[in-house]
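In terms of the working numbering, the numbers along the sequence shown are unbroken and rise by one, the last being 270. Note that beta-carbon positions come from the ideal geometry of N, C-alpha and C, so glycine has one too. Structure record follows, encoded as structure tokens.
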Amino acid sequence: MAGRFEGKQALVLGVANKRSIAWAIARRLREEGAELAFTFQGERIEKGVRDLAESVGGHVVGECDVRSEDDLDRVFAATADAFGGGLDCLVHSVAFAAAEDLEGRFTDTPRDRFWMAVDISAYSLVAAARRAEPLLQARGGGSIVTMTYLGGVRAVPHYNVMGVAKATLDASVRYLAWDLGHSNIRVNAISAGPVRTLAARSIAGFTTMEEMFEQRAPLHRHMDADDCGAAAAYLLSSDAANVTGTTLYVDAGYHAMGM
Ligand SMILES: NC(=O)c1ccc[n+]([C@@H]2O[C@H](COP(=O)([O-])OP(=O)(O)OC[C@H]3O[C@@H](n4cnc5c(N)ncnc54)[C@H](O)[C@@H]3O)[C@@H](O)[C@H]2O)c1
């Protein structure tokens, strides 16, 4: 597909393996012409991410634990080097909560793990956007996309602290959109229905969630990571030139239902 991202450069945070939503987004951007850069979190997945990056002719700009200011500084500097000082698109597809906090009662979440989930899953967008800003400005503007979930606006059993983190992420999208709009930088979120990934498997009752989703969503069908890829490509492209500070639901309509 010739496309909307010819001559554009994108940094993708959040590829763990070929099932990752970030990977589906990356593939779609590549298909439409983008040049890509990736980070990875931890040696365990380094080889896998390097192989995936190579398969799309992408750069690996280093290891990045989003809790580390040093890691973030290093990978954004490496991105600037790889991309001639600029950047057009940033994909943020990162989240984490301790497995024991994705089952049982939200009420029992301890303080340290509450903040860890918010730090990794929400503050990381702010920290990354701040570092991306000068690179995006160097291109006269750009676009940032993050991944969220309905559990940030409604109580979804088992989603627990991750729902609170997503609410923080959703609000951060709106405040970043306001700040960065002055530089023609757009910031949006995709709220996805259940997709079988590494992160999803750590949520207790994920299979039940999928079953209920298919039963109750107006379109009565599952979705996959490629649906997120297509939506992200739209939000990151000039087709969405006047779209910022919003959440695009890619969930077969599930969010529209009251029962
Ligand atoms: N899978 C779903 O059903 C679904 C639905 C809605 C939203 N989402 C969101 O999509 C995003 C991507 O998740 P996914 O489902 O593709 O799973 P995934 O496990 O493939 O991706 C999660 C990524 O977060 C990264 N990560 C975790 N902690 C990190 C840290 N400290 N520093 C840097 N990176 C870290 C992991 O390395 C991984 O690449 C997440 O924000 C998730 O909440 C997923």
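Contact check, residue i vs residue j, beta carbons under 9 Å
i, j, result
"ASP235", "VAL206", "yes"
"ALA200", "VAL156", "yes"
"GLN20", "CYS75", "no"
"GLU43", "SER249", "no"
"MET270", "PRO229", "no"
"ALA110", "MET158", "no"
"GLU144", "SER194", "yes"
"HIS169", "GLY97", "no"
"VAL23", "VAL102", "yes"
"ILE36", "GLY240", "yes"
"ARG30", "LEU209", "yes"
"SER104", "ALA33", "yes"
"ALA140", "VAL198", "yes"
"GLY256", "ALA188", "yes"
"ALA48", "ALA88", "no"
"GLY68", "GLU54", "no"
"TYR186", "GLY174", "no"
"ARG142", "ASP84", "yes"
"VAL164", "PHE117", "no"
"THR106", "LYS177", "In the sequence under discussion, the amino acid at residue 106 is Ala, which differs from the Thr named in the question. Taking 9 Å as the Cβ cut-off, ALA106 and LYS177 qualify as a contacting pair."
Secondary structure of residue i, DSSP reduced to three states
i, result
"ALA203", "strand"
"ALA48", "strand"
"SER183", "helix"
"ARG197", "strand"
"ALA143", "helix"
"ALA21", "strand"
"TYR265", "helix"
"LYS58", "helix"
"GLY162", "helix"
"ARG15", "coil"
"ARG212", "helix"
"SER66", "helix"
"ASN28", "coil"
"VAL77", "coil"
"LEU174", "Sequence check: residue 174 is Gly here, not Leu. In this structure, GLY174 counts as helix in the three-state DSSP scheme."
"GLY53", "coil"
"VAL167", "coil"
"MET223", "helix"
Terminal residues of the beta strand (DSSP E) in which residue i lies
i, result
"GLY73", "70–74"
"TYR260", "258–261"
"THR157", "153–159"
Opening and closing residue of the alpha helix (DSSP H) in which residue i lies
i, result
"LYS35", "Note that residue 35 corresponds to Ala in the displayed sequence, not to Lys. 32–42 is the extent of the alpha helix (DSSP H) around ALA35."
"ALA149", "Run containing ALA149: none; DSSP gives neither H nor E here."
Legend entry - Residues with C-beta closer than 5 Å to any heavy atom of ligand 1, in chain order: GLY25, ALA27, SER31, ILE32, GLN52, ASP76, VAL77, SER104, VAL105, ALA106, PHE107, ILE131, MET158, TYR160, ALA203, PRO205, VAL206, THR208, LEU209, ALA210, ALA211
Legend entry - Runs of alpha helix (DSSP H) lying entirely within the region 85–134, each at least 4 residues, in chain order: 122–129
Inset, instruction - Kindly provide the ranges of any alpha helix (DSSP H) runs that are 4 or more residues long and lie completely inside the region 226–255, ordered along the chain. - result: 236–247
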